[in-house]
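K.L.:
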Amino acid sequence: MSVLEQISENLIKGKAKEVKELVDKAIKENVPVVDILNKGLLAGMGNIGERFKKNEVYVPEVLIAARAMKSGMEVLKPLLAKAGVKPVGTVVMGTVKGDLHDIGKNLVCMMLEGAGFKVIDAGINVEPEKMVQLARENNANVIGASALLTTTMTNMKTVVDSVKASGLAGKVKVIIGGAPVTQAFADEIGADGYAPDAASAADVARKLVG
Ligand code: B1M
8 MSVLEQISEN LIKGKAKEVK ELVDKAIKEN VPVVDILNKG LLAGMGNIGE
58 RFKKNEVYVP EVLIAARAMK SGMEVLKPLL AKAGVKPVGT VVMGTVKGDL
108 HDIGKNLVCM MLEGAGFKVI DAGINVEPEK MVQLARENNA NVIGASALLT
158 TTMTNMKTVV DSVKASGLAG KVKVIIGGAP VTQAFADEIG ADGYAPDAAS
208 AADVARKLVG
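Start counting at 1 in the sequence shown, then tack on 7, and there's your number in this note's numbering.
1) Using only CA atoms, which one of Glu136, Ile19, Ala88 and Pro203 lies nearest to Val41?
2) In chain order, which continuous runs of the alpha helix (DSSP H) of length 4 or greater are located wholly inside the stretch 65 to 153?
3) Are there any heavy atoms of the ligand B1M lying less than 7 Å away from the beta-carbon of Lys112, as far as the coordinates show?
4) Would you mind stating whether Ser153 and Gly96 have Cβ atoms separated by less than 8 Å?
5) Please list the terminal residues of the continuous beta strand (DSSP E) segment that includes Gly184.
6) Leu11 lies in the alpha helix (DSSP H); which residues open and close that run?
7) State buried or exposed for Lys24, treating a residue as buried only when at least 16 other CB atoms are found within 10 Å of its CB.
8) Count the other C-beta atoms from every protein chain shown that fall within 10 angstroms of the C-beta of Val66, then say buried if there are 16 or more, exposed otherwise.
9) Between which two residues does the alpha helix (DSSP H) harbouring Val167 extend?
10) Within 10 angstroms of the Cβ of Pro135, are there 16 or more other Cβ atoms? Answer buried if so, exposed if not.
11) If you reduce the DSSP assignment to three classes, tell me which class Ala176 lands in.
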């Protein structure tokens, strides 16, 4: 098994220490950093994402794999910056105003990072204007909004409206999701995308940034 396959395999199993050591080994063997990222770390995280969508693995496995990816990224990040490797896009991600649920939102952040995005985590109970401000400051392509309550999902429309009012519509796409949210609701409020789970959120974001 090549060192890249070993990175991917160990990440899938959530072995953070081994992933870090293998990334170190790959660097010493002069494997290009882009390959370590794409064919090692992101390949492993992509595998977990696909299996999560099919309910073959669950939230704990995703969290453990994401931790393993982070340990590999710690070693790789400075080298990627040096090599001029850019993220595939930037996403501002937050749970909407009035809503304190963050487990799903955190999973979406991890899947986005696992798909090569830079993620600005705006946190919970986020004012729509704050999301827009962060998107502007960070030159983001996407705002991701999560809601778990039927009473707060209406605030997703405020996010869409705030993006329109800011003049960033078209440049910044809005993706929504969370247990009570549906594609029909996304269409109704004029969101650019909807995803039923964290792995699909990364797929939708990738499609929207081209
Ligand atoms: Co809350 N809560 N809660 N809660 N809570 C629910 C959501 C509820 C369904 C429970 C119930 O009554 N059966 C209910 C909502 C009812 C409704 O609106 N119809 C509810 C309620 C009522 C409340 C309070 C009002 C309770 C009270 O105080 N009376 C209160 C509200 C607080 C507030 O937000 N203002 C409240 C509080 C809490 C806790 C703080 C105790 C805790 C949150 C802890 C935390 O997040 N740090 C909590 C929890 C844990 C839950 C349940 C049990 C679990 C939610 C969860 O984390 N799921 C939940 C019941 C349930 O769902 N079984 C419940 C796991 C998570 C991985 O799933 O977030 O759906 P989820 O994310 C998924 C997808 O939805 C999707 O991807 C994720 C993974 O695939 N996704 C996106 C999420 N965001 C996305 C964004 C995207 C795309 C996909 O694009 C950007």
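Beta carbons are placed, not taken as given, at the ideal position from N, Cα and C, and that holds for glycine. Quantities reported herein were computed from a predicted structural model and do not represent experimental measurements.
P.N.:
The structure says:
1) Position 34 of the sequence shown, counted from the start, is the residue given in the question as residue 41. Of Glu136, Ile19, Ala88 and Pro203, the residue nearest in Cα terms is Ala88.
2) 66 to 89, 110 to 121 and 135 to 144
3) Taking the sequence shown and counting its residues from 1, the one referred to as residue 112 is at position 105. Result yes, Cβ under 7 Å from the ligand B1M.
4) As a first step, residue 153 must be located in the sequence shown, where it is residue number 146. As a first step, residue 96 must be located in the sequence shown, where it is residue number 89. In this structure, Gly96 does not lie closer than 8 Å to Ser153 by Cβ.
5) Working through the sequence shown from its first residue, we reach residue 184 at position 177. Note, Gly184: beta strand (DSSP E), Lys180 to Gly184.
6) The residue labelled residue 11 in the question sits at position 4 within the sequence shown. It spans Val10 to Ile19 - the alpha helix (DSSP H) in which Leu11 sits, taken as one unbroken run.
7) Taking the sequence shown and counting its residues from 1, the one referred to as residue 24 is at position 17. So Lys24 counts as exposed.
8) Along the sequence shown, read from residue 1 onward, the residue named residue 66 stands at position 59. The residue in question, Val66, is exposed, as its Cβ has fewer than 16 Cβ neighbours within 10 Å.
9) Position 160 of the sequence shown, counted from the first residue, corresponds to residue 167. Note, Val167: alpha helix (DSSP H), Asn162 to Ser173.
10) Locating residue 135 in the sequence shown gives position 128, where the first residue counts as 1. So Pro135 ends up on the buried side.
11) The sequence position of residue 176 within the sequence shown is 169, counting from 1. Here Ala176 sits in strand by DSSP.
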